[in-house]
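Colleague:
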Amino acid sequence: MGLLMDIRDWFRAMALSFLLLANAAGADLETQIKAAYLYKFCLYVDWPVSAFESPNSPITIGISRDRALSEELQRITGQRQVKDRSIEVRYIDSLEAFKGLHVLYVGSTTGDESKAVFAKVAMQPILTVIEEGPSGMPGIIEFVVNESRVKFNVKLNEAEQAGLHLSSDLLSVANVVVGANSRPR
Amino acid sequence: MIGKSIRQKFTAAILMTVFVALVFAVLAMVAYNLKNYRENLFDDLSTQASLLGRGVTPALQFDDARAAEIYLKLLIERPNIDSAAIYSARGKQIAAYHRSGREDLPPLPDSDGIRVDDGSVLVFKRVVANDEIVGSVFLKAKYRLNEHVLVNLSIALGVFILAMAIAILMSVWLQRSVTRPLLLVTQIARNVVEKGDYSLRAEKTTTDEIGNLVVSLNTMWETLEQRTEQLEKANLKLSNEVEERKEIEHSLRASEQVVKQLNVELEQRVKERTMQLEVANQELEAFSYSVSHDLRSPLRAIDGFSLAVLEDHGDQIGDSGKNYLQRIRAGAQRMGQLIDDMLKLSRVSRSTMKIQPTNLSELAEQCFRECQDAEPARNARISVTSGLFASCDHHLIKIALDNLIGNAWKYSSRKNDTCIEFGMRQNHDKHAFFVQDNGVGFDMQYANKLFGAFQRLHTVGEFPGTGIGLATVKRVISRHGGEIWAEAEPGRGATFYFTLPTQQTVANAPEPGGSDDEQQADFAGGRQSG
C-alpha cells in the first residue's frame, strides 16, 4: 500500500508541477494543449521520403502568427524526438517562408495573402494546421474548441493532395474526418 | 499380503504400481496445468493490457474519452474480463468498462504489475508512447483457479478410473497368461500331494519360464506316475507273495498240528503198549518165577524118591533099574539147575540196581578163587590186572563175572595148561574189560546166538550148562547201559569184551607181569597143595 500511495502522490505532484510550469511560462491551457497536439500530430503523420534531406534531418514545425504557441512548442519539444528525428520549431513572420517546413501552423488565417500562400502550400508535403473558422482555408487539420475542450477535424482529401499519410489512430480520435474515404463518425 | 495367493499379489502389485504412478502423474499434471493456467492467464492479460494501451494511445494523447470508451467496449469479446479502465497520465480515470453491473474501480492507477485479489486478477499497465507515459490501463479478470482445480481433478479422476480399469484388465490378462498356469501347476501339485493323483497335466500356454516350468513339472509328474505304478505293481506282487506264504505257513501249521496230534497219539499208544508190555513182562516174570519155584518141589520129590528107591530097593530092581533111576535123578537135577538159572536170570532182570564204585579186579580174583576152590587139582594160569574200577551194581556185576569167568574156566578145562586173563584193553575203538581163555573157542558165525537164552554151542555131554549164563550176563551189562561182544576161534580160545559206562582205571596199578606171576604161582601152589 505504501508503494501505491507513493505512486498516487507522484501523479498528484506531476499534475501540480504541470500547472506550475504552465503558469510559469505564462501560456494559457489552450495554448499548451494545442502545442502538445502539434507535437503529437507528428507521431501520426508519415511524410514522403523526399520531404527530408536525410533520414535524420529534423522535422521542422513552422508557427505563424502565434508567438506564445511557438514558445510553448519550443519548450515541450526541446529534447524530444519523433521517429528518430529531432523537432525544430521555427517562428515565421511571413507565410511565404514555408520552404523546408513539415508542419505549418497558422494562428489566424485571415486575408487573401493566406489563401494564395495556402494554395501553394497545399501541393507541398506540409501538414497544415489552422484554427477552425469560416474562412474555408484549405488546412489539413483544424483545431476546434468544443465544450471547452480542444479537438480537431481532419480533411483527408487535402492530406492526400499534400502527399501525406495520416494514421488511422489519429483519425479515430479526430472530431470530424472530412474526406471520401473517411469513417462515419 | 504374505498369506494371499499369487493372483491377489499380482493384482495388488499392478494396482499399487498404477495407483502410485497415477497419483504422482496426476498431481504433477494438475500442478503443471494450474501453473500453466496462471502463467497463461497472466501473460494473456498482460498482452491484452498492452494491446489495449496501444489501442487507446491516440485517445490518451488527444484526451478523447469517448474514443477510449469505444475502444474499451471491444472487450465484450473477452468474457473473462470483468471490468477495465483507462487512466490519463495524470491519473485521472477517463474511460471505464463493466461487463455486468457497475463495479468499483480503483480511483488511481497502481504501479505496473499483476496481482490476485479475491478471485480476480488485477492488471495495471502503463501506456507508453514515444518514450512518454501517456496513461494507464487497468484490467480486472476472473481468476478461475478453483474451477481449473476442479476440472483438472475431475479429469484426473476420470483418467484414474480409466487407468485403474485398464490395470485391472491387464492384471486379469496377466493372470490368464502368468498366474493361471502357475495356479494350475499349484492345483496339480496339491492333487499329487494330497490325493496321489498324477493324472492331471498342466497345459503349456506360454513359451516363457512358466511354460518351461510347466513342461519340467509335467515330465517330473510323468516320471513320478511311472515310478508309482511300478511301485504299486511291485507292492501288489509282494503282497501276493506274502499271501501265498501265509497260506503255506497256514497249511504247514495245520500239518504240524496234525503231526503233533499224531505224535501225541503215538506217544500215547507207545505208553499204552509199554504199560501193556510191562504188565505182560511182570506177569510173565511172576509166572516164570512161580513156575520155577513151583517146579522145584515136584523135582525134589522125583529126585528124593528116586534116591529112596535106589537106597531102599536097590537090590530088587537090578542094575538096569538102578541105571534108569540114576538117569531120572540126573534129569531131575539138571531140571533143577535149569530152574535155578532161570530164577537167577529173572532176578537179574527184576532186581533194583545200586550203582557204586566197584573194584572189578577184586571181584574177578574172588571168582577165580571160587573156581580154583571147586577144582583144586586143575593147573591154571590166572592173570588179573589189578586196580580196575567201575561204577556199577556190585551184586549184578559179580553175577556177570561169575558167569564169564566160570565159562572160561569150564571151556578151557580140556587143556592141560589153562590160561585165563582178566583185564582191560582197546577193542573196536572202545576201552573194554575182557575175559580171555585158551579153551575150545567157537565159530564166529554163531556169535549172534551166543547171548540168547537156552542157546548152546556145545552139548551137555561136551560141557555141562543150561544156556542161561551168557543171557544173564548180557542182561546185566544191558541194564548198566553197556555192551558185550565176543571174539573166538575154534580150538584157540575165546575173548569176551564188555563195557560199563563209568569204568575207571586206577592209575597206580601194579605191574601186570609181576603180580600175574605171583598170583599164578600162588594159585598153582594152592592147587597143587589142594
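These protein sequence lines are chains A and B, in that order.
At the far end of the first sequence sits residue 846, using our numbering, and the numbering has no gaps.
At the far end of the second sequence sits residue 851, using our numbering, and the numbering has no gaps.
In this text, a Cβ means the ideal position worked out from N, Cα and C, and glycines have one as well.
(1) What are the residues in the stretch 359 to 380 of chain B lying within 8 angstroms of chain A by C-beta distance?
(2) Are any of the Cβ atoms in chain B nearer than 9 angstroms to that of Phe-813 (chain A)?
(3) Is the stretch 336 to 349 of chain B close to the stretch 503 to 519 of chain B, with three or more CB pairs under 8 angstroms?
(4) For Asp-662 (chain B), count neighbouring C-beta atoms within 10 Å of its own C-beta (all shown protein chains included) and say buried if the count is 16 or more, exposed if not.
(5) Let me know the secondary structure DSSP gives Ala-698 (chain B) once reduced to three states.
(6) Along the beta strand (DSSP E) that carries Met-337 (chain B), what are the first and last residues, could you check?
(7) Leu-559 (chain B): buried (16+ other C-beta within 10 angstroms of its C-beta) or exposed?
(8) Taking the alpha carbon of Tyr-519 (chain B) as the reference point, which residue from B:Leu-538, B:Glu-606, B:Trp-542, B:Leu-534 has its own alpha carbon closest?
(9) Buried or exposed, going by whether 16 or more other CB atoms sit within 10 Å of the CB of Pro-430 (chain B)?
(10) Using a Cβ-based criterion (distance less than 8 angstroms to any ligand heavy atom), does Glu-564 (chain B) qualify as near the ligand COA?
(11) Between which two residues does the alpha helix (DSSP H) carrying Gly-422 (chain B) extend?
(12) Below 7 angstroms on C-beta distance, what does Gln-382 (chain B) contact in chain A?
(13) What are the start and end residues of the alpha helix (DSSP H) that includes Thr-544 (chain B)?
(14) Ser-513 (chain B) by DSSP, collapsed to three states: which one?
(15) Can you list, in chain order, the residues of its chain with a C-beta nearer than 6 angstroms to that of Arg-735 (chain B)? Leave out the 5 residues immediately preceding and following it.
(16) With three or more C-beta pairs closer than 8 angstroms as the rule, is the stretch 358 to 369 of chain B touching the stretch 433 to 447 of chain B?
(17) Which residues does DSSP list as the beta-bridge partners of Glu-691 (chain A)?
(18) Cβ of His-749 (chain B) within 9 angstroms of Cβ of Trp-806 (chain B)?
(19) List the residues of chain A whose Cβ lies closer than 7 angstroms to the Cβ of Ala-388 (chain B), in chain order.
(20) Judging by CA-CA distance, which residue of A:Leu-827, A:Ser-718, A:Val-811, A:Glu-757 is the nearest neighbour of Gln-693 (chain A)?
(21) When DSSP labels each residue in this structure, what does Tyr-519 (chain B) get in the three-state scheme?
(22) Closer than 8 angstroms, Cβ to any Cβ of chain A: which residues of the stretch 459 to 471 of chain B, in chain order?
(23) Cα-Cα, which of B:Val-341, B:Ser-712, B:Tyr-392, B:Pro-379 is closest to Ala-484 (chain B)?
(24) Which value, in whole angstroms, describes the spacing of the CA atoms of Thr-357 (chain B) and Val-444 (chain B)?
(25) Using a 10 Å radius around the Cβ and a threshold of 16 neighbouring Cβ atoms, would you call Arg-574 (chain B) buried or exposed?
(26) Could you check which residue in B:Asn-737, B:Ala-685, B:Lys-554 has the C-alpha nearest to that of Gly-744 (chain B)?
(27) With DSSP as the reference, identify every bridge partner of Gly-811 (chain A), one or two as the case may be.
(28) What are the complete alpha helix (DSSP H) segments, minimum 4 residues, inside the stretch 669 to 740 of chain B?
(29) Distance cutoff 9 angstroms, beta carbons only. Does Asp-403 (chain B) sit that close to anything in chain A?
(30) In terms of residue numbering, what span does the beta strand (DSSP E) encompassing Arg-746 (chain A) cover?
(31) Can you find a CB in chain A that lies within less than 9 angstroms of the CB of Asp-385 (chain B)?
(32) Ser-475 (chain B): which of B:Asp-758, B:Asn-700, B:Asn-451, B:Val-351 sits nearest, CA to CA?
(33) List the residues of chain B that Leu-690 (chain A) touches, going by C-beta distances under 7 angstroms, in chain order.
(34) Select from A:Ala-758, A:Thr-738, A:Val-806, A:Ile-802 the residue whose C-alpha is nearest the C-alpha of His-826 (chain A).
(35) Distance check for Ala-462 (chain B) and Asp-384 (chain B), CA to CA, integer angstroms please.
(36) Just the C-alpha distance for Val-506 (chain B) and Glu-565 (chain B), rounded to the nearest angstrom, thanks.
Modeller: Answer, in terms of the structure:
(1) Result list: Thr-378, Pro-379, Ala-380.
(2) At least one CB of chain B lies nearer than 9 angstroms to the CB of Phe-813 (chain A).
(3) no
(4) buried
(5) coil
(6) Careful: Met-337 (chain B) lies outside any beta strand (DSSP E), inside the alpha helix (DSSP H) at 327 to 382.
(7) Exposed is the call here.
(8) If you compare the alpha carbons of B:Leu-538, B:Glu-606, B:Trp-542, B:Leu-534 with that of Tyr-519 (chain B), the shortest gap goes to B:Trp-542.
(9) buried
(10) Absent from the structure shown: the ligand COA. Ligands present: none.
(11) In the DSSP assignment, Gly-422 (chain B) falls outside any alpha helix (DSSP H) and carries neither an H nor an E.
(12) Lys-701, listed in chain order.
(13) 530 to 671
(14) Position check: residue 513 (chain B) holds Val in this sequence, whereas Ser was assumed. Residue state, collapsed to three classes: helix.
(15) none
(16) yes
(17) DSSP lists no partner for Glu-691 (chain A).
(18) yes
(19) Close to Ala-388 (chain B), with beta-carbon spacing below 7 angstroms, are these residues of chain A in chain order: Ser-833, Val-834.
(20) A:Val-811
(21) coil
(22) none
(23) B:Val-341
(24) Correcting the residue identity first, residue 357 (chain B) is Asn in this sequence and not Thr. Going by the C-alpha atoms only, they are around 18 angstroms apart.
(25) exposed
(26) B:Ala-685
(27) According to the sequence shown, residue 811 (chain A) is Val rather than Gly. According to DSSP, Val-811 (chain A) bridges with A:Val-806.
(28) 681 to 695, 715 to 732
(29) no
(30) Here the beta strand (DSSP E) through Arg-746 (chain A) covers 746 to 753.
(31) yes
(32) B:Val-351
(33) Within 7 angstroms Cβ-Cβ: nothing; Leu-690 (chain A) doesn't reach chain B, min ~12 angstroms.
(34) A:Ile-802
(35) 26 angstroms
(36) 42 angstroms
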